[in-house]
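Worksheet: the structure to be examined is printed underneath.
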Amino acid sequence: MGRIQVLADSVARKIAAGEVIERPMSVVKELVENSLDAAARHVVVEIEHGGRTRIAVTDDGEGIAREDVPVAFEPHATSKIRTDDDLLHIATLGFRGEALPSIAAVSDVELWTCRRGEAVGTHFRLHGGAVVAREDVGTAVGCRIEVRDLFSTTPARRKFLKAPATEAGHVVQLIGRLALARPEVGFALRQDGRDTLSLPPDSRRARIRRVLGAEIDGQLRPVTVDGAVRVSGFASHPSFSAANARGVLFFVNGRWVRDRLLQHALLAAYATLIPHGRHPAAVLFLDLAPDAVDVNVHPSKLEVRFRDAQTVHEAVRRAVREAMRASMAAPPAPEWRAAEATAPYADAPPPAYGAAPGRLRLVDAAAATALPFAAGGVFSSLRVVGQVFDGYLVCEGDGEIVLIDQHAAHERVAFERLRAARAAGRVETQAMLVPQPVETAAGDAELLGAAGEELAGCGLEIEPFGERSVLVRAVPALLPVGSIVPLVRAIAADLAHAERSAALEARTDGLLATIACHSVVRVGQRLSEVEMRALLAAMDSIDRDASCPHGRPVARRIARGELERRFGR
Ligand code: ADP
Ligand code: MG
């Protein structure tokens, strides 16, 4: 008998049933989970039109034996469990034996596979759920499954699919999560024939950095506690907090899950450390005996049930709390004060006016750039009296009052640094290993694509991604991640506007000014003494041209004599 068998009715009935194929991402999830269960070392995912027209997953795992191939497509056929007792000790990602038949029911499927140790492979093809080809072929060990025309036979469901860029975004997020769970496995993604993601086998930490981006990674501190429930991974230093829980990921026995209990335990660990209503970033892995967790509670296996919820809650809370205690004992490095961030692949809304993203960056971003601070410069020698209207610095200089527009000043600093870096050919960028799709107005994608080289020189790597969207691959390092979408739109507007302008240099300066504007502290943010001093020092480090790149003045002086005149002295 083959390895894959149809489950006895009595077992099949105990399996949490429900719709598993909702959208292209669900197909990719089931196929890649099968690859991982087959001990693949490398998995390549290809999608076209967001997965609507074609999805292919290729792995170098164990493969499927010849006689097993047709069985794999029967309902409740699996090699992973046999009896209902096995349901209590699930160690694989799949176990329901439902994915392949469900996929074949809503699309055309083609499979090439060769079982490790066998000489001949199999080519198998289904159309409308019926077998149309089965033949011996020479093919590499492993499995390649191609899924075409998803939901072609179920137009009602096809209607619910979103724009290709949106569906592709879901796939990208999914691969990010699977990749976090299995850093030792290499993952690659091709979208419409272009390689958009490549994650070689890596350490856990390096994988986190590549998937979540350097900004979030910089906030993370290690967490490890052993016991019946092993908790490991990383959680953000308490100086960081975000408006939502997008930077929080939990994995239970290698499976990404959504779980209220775990969220609650995490927030309990941060109680009093971060403001109420805010969220940390965390990537936490829980490992516990397979029989201590029931994964058979949700059709897509996105939720689990713990046998001893209280113990799990306490283990997570204690582990994170301990880690925070340890990391707070050490003085925070400057970058810990960096602004709030969102996961690079979270489709974050633009920051509200006056909300956090640009905040505090002038401290760390300024310190991080190559340009040295001029010690004892004109601005640094000012005495800071204070800040008014959350937007202006009031300083005392030699015989005068100096008023500084904090946004204009910071913008000027950012602009000058970008310009100097660009001239030197080294604008510091942050590569997004999970490129972010951004929807644009018709025509803008083309405009952005045509300016690709010029934008790359400014630290912004963008390429067209369909007619109405672009893929952002890298952004200038000083840009807060949440600003990417508004920045791309503003740049598109710049390009549309500047098209007729002759001077390339002026046009490039305009682009740098737009980047600077999206990178800096806004009016309406209260600054600490340290931040005000950092801003003044930064102003000394640039060519002092006393106007922001948009031409507004940065500083205004009121001479002592003028003040005295006003008071009739
Ligand atoms: P399940 O994963 O729940 O067992 P599926 O319908 O996803 O059910 O797959 C059915 C069976 O086909 C699996 O149990 C496995 O034996 C086999 N299979 C599917 N995909 C692969 C793969 N990529 N490599 C090796 N075997 C596979
Ligand atoms: Mg499966």
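Residue numbers for the sequence shown follow our numbering, so the first one is -16 and each next one is one higher. Backbone N, C-alpha and C define an ideal beta-carbon position, used for all residues, glycine too.
Residue pairing by DSSP places Pro205 opposite Phe217 in a beta bridge. Chain-ordered, the residues whose CB falls short of 5 Å from any heavy atom of the ligand MG come out as Asn17, Gly77, Ala82. For Arg395, the enclosing alpha helix (DSSP H) has its first and last residue at 389 to 406.
Within the segment 66 to 92, the complete alpha helix (DSSP H) segments of 4 residues or longer fall at 82 to 88, listed in chain order.
With contacts defined by Cβ atoms closer than 8 Å, Ala218 and Arg190 do not form a contacting pair.
Counting only runs of 4 or more residues that sit fully inside the segment 98 to 170, the alpha helix (DSSP H) segments are 138 to 142, 147 to 164, in chain order. Ile(-2) is not a Cβ neighbour of Arg65, given a cutoff of 8 Å. Under the three-state reduction of DSSP output, Gln413 falls in the strand class. In this chain, the alpha helix (DSSP H) harbouring Gln293 covers 292 to 312. In this structure, Gly46 has its CB closer than 7 Å to one or more heavy atoms of the ligand ADP. Under the DSSP assignment, Asp42 falls in the beta strand (DSSP E) whose first and last residues are 37 to 42.
In terms of CA proximity to Arg98, Asp42 leads the group Arg241, Ala87, Asp42, Leu430.
In summary, Asp91 is buried, with 16 or more beta-carbon neighbours lying within 10 Å of its beta-carbon over all protein chains present.
By the neighbour-count criterion, in which 16 or more other beta carbons inside 10 Å mark a residue as buried, His390 falls on the buried side.
DSSP, reduced to helix, strand and coil, places His480 within a helical segment of the structure shown.
The segment 222 to 299 is shown to contain whole beta strand (DSSP E) runs of 3 or more residues at 231 to 235, 238 to 240, 265 to 270, in chain order. For Gly374, DSSP assigns no beta-bridge partner whatsoever. Inclusion of Ala392 and Leu518 in the CB contact set at 8 Å is warranted, their separation being smaller than that value.
Boundaries for Arg192: no beta strand (DSSP E) harbours it, while the alpha helix (DSSP H) harbouring it runs 187 to 195, taken from the DSSP string.
Exposure of Val368 is indicated by the presence of fewer than 16 other C-beta atoms within 10 angstroms of its C-beta. Per DSSP, the beta bridge partners of Ser181 are Ala171. Listed as beta-bridge partners of Arg366 by DSSP are Glu379. Secondary structure at His59: coil, using DSSP grouped into helix, strand and coil.
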